[in-house]
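Here the structure comes first, spelled out in C-alpha cells, and everything after it is commentary.
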Amino acid sequence: MRFPLLSARRLGLPRRAVSQILLTQLAIAAGVAVLATGLFLAPLSAQLDDQAMRRALAIAQSAAADPALAAGVLSSGASADSPVQSSAERIRRATGAEYVVVLDLDGIRRSHPSADRIGLPVSTDPSDALAGREVMEIDEGTLGRSARGKVPLLAADGEIVGAVSVGIAYDSVRDRLLGAIPGLLAYAGGALAAGALAACLLSRRIQRQTRDLAFSDIAGLLAEREAMLHSIREGVIALAPDGRVRLVNDEAARLLGLAPDAADSCAGRPLEDVLGTGRTADVLSGRVTGRDLLTVQGSRVLVANRMPTEDGGAVATLRDRTELEHLGRELDSTRGLIDALRAQDHEHANRLHTLLGLLELGLHEEAVEFVTEVAGVHRTTAEQVTEKVHDPLLAALLVGKATVAAERGVPLRLAGTSLLPDRLVDPGGLVTILGNLVDNALDAAAGSAAPLVEVELRAEGRTVVLRVRDSGPGVPAARREEIFTEGWSTKQPKAHRERGLGLALVRRLAERQGGSARAGEAADGGAEFSVVLPEALR
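Start counting the sequence shown at 1295; every next residue gets the next number (the numbering used here).
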C-alpha cells in the first residue's frame, strides 16, 4: 500500500492529494488540447489537399472547354510562339496556377511555363486523361510536388485530340495549413486556460473536502475507520440527510436484531424500512431529542445518543443496558426483601417478647394459641399460592411480593379463579412480566383509602391470561397506550437506573410471544393490566 507514495516521492511529485489531482487535471487538459488540435489538423490538411486538387481540375476543365485550344493542337506545332502556348500561359496567369500544360495524343507538351520544355514528353503518365477520364492527384513532377487535375481535350466533333494538365504548387497548400495553425493554437490555448482555471477551482473544493490530506492519509483513515467500527463494543449507525442508512456496524446490527449482513443490506434504505416504526426509529432519526435516551428494541434496553454531521446527516451510538436494568430491578427487589426482613425481624422480636411475657405469667395455653396463630398466617399465605400456582418460580415470586406488600400495608391477594399448571414454556419471561406489574400495582395502591392488589393467573387451553388489579387512582383512558412507551413514567427516577421501562418491557415480552398487553379500569375504579400469552403452555 506504500508503493505509490514511494514512487511519487522518487519522482518528485507532490504528496498532498489536492496537488496531485491538480497536476493530473492540468495534464489531462493539456493532453486533450493537443489531441484535439492534432485531430483538427489532420482532416484540415486532407481538406486543403482536396480543395487544391478540385481547383486544379476546375481550371483544367475550363481550359479544355475552349475550342481554340483544341483547334490549335490540331493546326499548329509544338513551339514557344504557338497559339496553344499563348492561351495556356494566359490561363495560368489568370488563375494563379503553377502550370497549365497542353499535350497531344503522343504525350508531347504543346505548352509549358518553361519554353525549353515544349516539345518534350510529359514526366507523368497521361494515359488516363487521354483515355477520356478526369484525374485528381498529388504527385511529383518536373516543377516539384503539386496538386494536379487532368482532363481530356476534345475537338469540335467530340474526338479526343489531347489533354490539359493543371498543377497548383503544393507549397501554397502547406502555407495555408501553417497559416491556420496560429489561430487554432490560440483557441486551444484558450481552452487549456479555461480548463486550468476550472481545475484550480475544483482542486480548492477538493482541498476543503479532504482537509488537505494525502492519499495515503485518506487510505489510512478509511482502514482505521473500518477496524474501529467493527471492533468497538458500541453500536454505531450513520444516517444521510434524507434519513437513509449509510452505515451499520456489527454491534449495532446485534443490538437491533438485524441480519449479520446488515452493513450491506441496510445501506441506502430508509431507517423506518430497516427498524420499522416506533420509539427506536424516532430516537435515531432525531424526532425525539435529548441525551442518553432509553429505548427498547426486542428484549434489549438500549441507550441512544445522536450527533448531527456537517452535511445534514447524523451518527447515532447505541449502548446495551439490558443487564444493568435487570441488575437494577434485582436490586430494587432485594432492597424490598431486606426492608421486609427488617420489619419481620422487628415484628419477630415483639412476638418473642410477647411469648416470653406469657410464659413468665404462666399463661401457657395463651402462649400456645399465640404461636399457633402466628405460624398459621405465614403457612396459609404460602399454601394458598402454591395451591393455585404450580410453577415454582411464579409461586416463589408471589410469596415474596406478598411479604413486601404486607410490610407496605397493601394486601396482596390471589384471585379465586386463578389456576396455573407447571407447564410454562418461558417461566422467566412471565416472572419478569408479573414482577413489573405487581411492583407498579403496589406503588399505585400504597396510600389509597382501601389498599389492595389482586393477581389473577389462569390457563385457557395453551394460553396464559394474567391480570393485575390495584386500588390506586387508575390510568386515564387517553394515556392507556402512552404508558407503554419507553421513558414514560410518573415516578421520580432512582439513582442507579432510569424509570419508564417496566411497562415497555412487559408489552415487548408479550408481543414477542405473540400476545398482547393492555391497560384498563378495574371494577373498584383502580387500574387493571391484562396480559394474554398464547402458546405459553406446553
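A virtual CB, placed ideally from N, CA and C, is assigned to each residue, including glycine. Note that the coordinates shown come from a computational prediction; the quantities given were computed from them, not determined experimentally.
query: What is the rounded straight-line gap between the Cα of Val1747 and the Cα of Val1769?; result: 15 angstroms
query: Using only the alpha-carbon positions, how far apart do Ala1463 and Glu1383 sit?; result: 16 angstroms
query: Looking at C-alpha atoms only, which residue of Ala1676, Arg1348, Gln1355 and Leu1399 is the closest neighbour of Val1367?; result: Leu1399
query: What span of residues does the beta strand (DSSP E) with Pro1602 cover, start to end?; result: Arg1594 to Pro1602
query: From Ala1423 to Ala1359, what does the alpha carbon distance come to, in whole angstroms?; result: 14 angstroms
query: Around the Cβ of Met1601, are there at least 16 other Cβ atoms within 10 angstroms (buried) or fewer (exposed)?; result: exposed
query: I need the straight-line Cα distance from Gln1379 to Leu1329, nearest angstrom please.; result: 48 angstroms
query: Does the separation of the CB atoms of Leu1351 and Gly1461 fall below 8 angstroms?; result: no
query: Taking the DSSP output, what are the residues bridged to Ala1441?; result: Ile1432 and Ile1462
query: Name, in chain order, the residues that DSSP records as bridge partners for Arg1763.; result: Glu1748 and Glu1822
query: Terminal residues of the continuous beta strand (DSSP E) containing Asp1614?; result: Ala1608 to Asp1614
query: Tell me, which residues are paired with Arg1538 by DSSP?; result: Pro1564
query: Between the alpha carbons of Ala1425 and Ile1402, how many angstroms are there, rounded?; result: 15 angstroms
query: With a CB to CB cut of under 7 angstroms and the five nearest residues on each side skipped, what residues in its chain are close to Leu1649?; result: Ala1661, Phe1664 and Val1665
query: Would you say Leu1687 and Asn1730 are within 8 angstroms of each other, going by their C-beta atoms?; result: no
query: Going by the beta-carbon positions, is the gap between Ala1441 and Asp1343 smaller than 8 angstroms?; result: yes
query: Suppose you measure from the CA of Arg1743 to the CA of Leu1552; what does that come to, to the nearest Å?; result: Here the sequence assigns Ala to residue 1743, which means Arg is not the residue at that position. One C-alpha to the other measures close to 49 angstroms.
query: Cα-Cα, which of Arg1499, Ala1709, Leu1831 and Ile1412 is closest to Pro1721?; result: Leu1831
query: Which residues in the same chain have their Cβ closer than 7 angstroms to the Cβ of Arg1717, if we skip the five residues on either side of it in sequence?; result: Leu1831 and Arg1832
query: Could you tell me if Leu1724 is buried or exposed, where buried requires 16 or more neighbouring beta carbons within 10 angstroms of its beta carbon?; result: buried
query: Excluding sequence positions up to five away, which residues of its chain have a Cβ less than 7 angstroms from the Cβ of Asp1685?; result: Leu1714, Asp1716, Leu1718 and Pro1721
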